[in-house]
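Heads up: the protein sequence lines correspond to chains A and B, in order.
With the first sequence counted from 1, adding 523 to any position gets you the numbering used here.
With the second sequence counted from 1, adding 562 to any position gets you the numbering used here.
This report refers to the structure that appears directly beneath it.
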Amino acid sequence: TQLLEQSPQFLSIQEGENLTVYCNSSSVFSSLQWYRQEPGEGPVLLVTVVTGGEVKKLKRLTFQFGDARKDSSLHITAAQPGDTGLYLCARRTGNQFYFGTGTSLTVIP
Amino acid sequence: EAGVAQSPRYKIIEKRQSVAFWCNPISGHATLYWYQQILGQGPKLLIQFQNNGVVDDSQLPKDRFSAERLKGVDSTLKIQPAKLEDSAVYLCASSWAWSDTQYFGPGTRLTVL
Numbered sequence: 524t525q526l527l528e529q530s531p532q533f534l535s536i537q538e539g540e541n542l543t544v545y546c547n548s549s550s551v552f553s554s555l556q557w558y559r560q561e562p563g564e565g566p567v568l569l570v571t572v573v574t575g576g577e578v579k580k581l582k583r584l585t586f587q588f589g590d591a592r593k594d595s596s597l598h599i600t601a602a603q604p605g606d607t608g609l610y611l612c613a614r615r616t617g618n619q620f621y622f623g624t625g626t627s628l629t630v631i632p
Numbered sequence: 563e564a565g566v567a568q569s570p571r572y573k574i575i576e577k578r579q580s581v582a583f584w585c586n587p588i589s590g591h592a593t594l595y596w597y598q599q600i601l602g603q604g605p606k607l608l609i610q611f612q613n614n615g616v617v618d619d620s621q622l623p624k625d626r627f628s629a630e631r632l633k634g635v636d637s638t639l640k641i642q643p644a645k646l647e648d649s650a651v652y653l654c655a656s657s658w659a660w661s662d663t664q665y666f667g668p669g670t671r672l673t674v675l
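In structure tokens, the structure reads:
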């Protein structure tokens with residue numbers, strides 16, 4: 524199956540709090556991408572992780588690829604209202620990109 | 563560099579009507595994708611072009627959806643006739659040939675009444 528399960532589905536937090544969202548699959552994948560989609564816009568690529576156990580940082584965002592390459596997490600430190608959006612993970616299989624259902628994050632000022 | 567352009571941004575039609583969406587990818591990008599994003603879900607690939615050839619259209623409902631990219635640049639996605647369940651955002655994306663980095667347009671929000 525190409526299914527990517529993301530959790531939680533919805534998350535509402537106060538500015539300054541930390542949070543982690545997850546992307547899980549029952550099958551191994553060679554690489555995984557994280558996107559952020561703001562209302563009325565298309566998704567924007569944040570990062571691609573390719574190696575099991577890999578950790579990448581993008582300012583206050585930390586992305587981790589599981590050792591078994593079946594899961595990934597995104598941790599945001601000191602969330603800001605500008606982090607509000609839909610966070611999507613995606614994997615590539617052959618020519619196709621499969622997206623998860625997303626985590627909708629709202630950061631309240 | 564200009565991004566991916568899509569039009570219209572919004573469209574409301576009645577079921578059984580026809581509708582067409584237009585996409586202009588980033589200049590030089592050989593690969594073009596059309597996705598359908600239903601509210602509350604992630605994007606689902608409908609069709610992928612490499613220049614003006616179809617690479618993958620396995621998830622395109624061919625009885626009612628069609629797409630073309632005649633000169634390997636702009637692309638049009640058509641729905642005829644539309645059904646209520648076609649209500650969604652239709653996203654176009656482009657990339658350099660075989661690159662993993664896709665650039666998405668803002669999408670067209672379709673409402674079928």
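Glycine residues also receive a C-beta, built at the ideal position from the N, C-alpha and C atoms.
Neighbour flag for residue i against chain B, beta carbons, 7 angstroms
| i | result |
| --- | --- |
| A/THR624 | yes |
| A/LEU569 | no |
Secondary structure of residue i, DSSP reduced to three states
| i | result |
| --- | --- |
| B/GLU647 | helix |
| B/PRO668 | coil |
| A/GLY589 | coil |
| A/GLY605 | helix |
| B/GLY615 | strand |
| A/PHE552 | coil |
| B/GLU630 | strand |
| A/LYS579 | strand |
| B/LYS573 | strand |
| A/THR647 | Chain A is shown from 524 up to 632; residue 647 of chain A falls before or after that span and cannot be answered. |
| B/GLN621 | coil |
| A/THR616 | strand |
| A/ASP594 | strand |
| B/GLN568 | strand |
| B/ARG578 | coil |
| B/ILE600 | coil |
| B/VAL635 | coil |
| A/THR571 | strand |
Beta carbon proximity, residue i to chain A, threshold 7 angstroms
| i | result |
| --- | --- |
| B/THR663 | yes |
| B/LEU607 | yes |
| B/ASP618 | yes |
| B/LEU672 | no |
| B/PRO668 | yes |
| B/GLN603 | yes |
| B/LEU653 | yes |
| B/GLN610 | yes |
Bridge partners - residue i, DSSP secondary structure assignment
| i | result |
| --- | --- |
| B/SER656 | B/LEU594, B/TYR665 |
| A/LEU526 | Answer is none; A/LEU526 lacks a bridge partner. |
| A/ILE631 | A/GLN537 |
| B/ILE588 | The partner list for B/ILE588 (beta bridge, DSSP) is empty, contrary to what the question assumes. |
| B/ILE641 | B/VAL581, B/PHE627 |
| A/THR543 | A/HIS598 |
| B/LEU675 | Its beta-bridge partners do not exist; DSSP assigns none. |
Close-in-space but distant-in-sequence residues of the same chain around residue i (CB under 6 angstroms, 5 per side omitted)
| i | result |
| --- | --- |
| B/PHE583 | LEU639, TYR652, THR670 |
| A/GLN537 | ILE631 |
| A/GLN587 | VAL578, SER596 |
| A/GLY539 | ALA601 |
| A/THR543 | SER596, HIS598 |
| B/GLN579 | ALA644 |
| A/THR624 | GLN529 |
| A/ALA613 | GLN556, PHE620, PHE622 |
Own chain, CB closer than 8 angstroms to residue i, minus 5 neighbours either side, in chain order
| i | result |
| --- | --- |
| B/SER569 | PHE583, TRP584, THR670 |
| B/LYS577 | PRO643, ALA644, LYS645, LEU646, VAL674, LEU675 |
| B/ASP618 | LEU607, ILE609, GLN610 |
Same chain only: Cβ atoms within 7 angstroms of residue i, ignoring 5 sequence neighbours per side
| i | result |
| --- | --- |
| B/SER628 | LYS640 |
| B/TYR665 | GLY565, VAL566, ILE588, ALA655, SER656, SER657 |
| B/ILE574 | THR673, LEU675 |
| A/PRO604 | GLU538, VAL630, PRO632 |
Heavy atom of the ligand COA within 6 angstroms of residue i beta-carbon
| i | result |
| --- | --- |
| A/GLN537 | Ligands are entirely absent from the displayed structure, and the ligand COA is therefore not among its contents. |
Item checked: Against chain B: residues of the region 561–592 of chain A by CB proximity under 9 angstroms -> GLY563, GLU564, GLY565, PRO566, VAL567, LEU568, THR571
Notebook entry, point to check: Between the region 601–624 of chain A and chain B, which residues of the former have a C-beta closer than 7 angstroms to a C-beta of the latter?
Noted result: Result list: LEU611, ARG615, ASN618, GLN619, PHE620, PHE622, GLY623, THR624.
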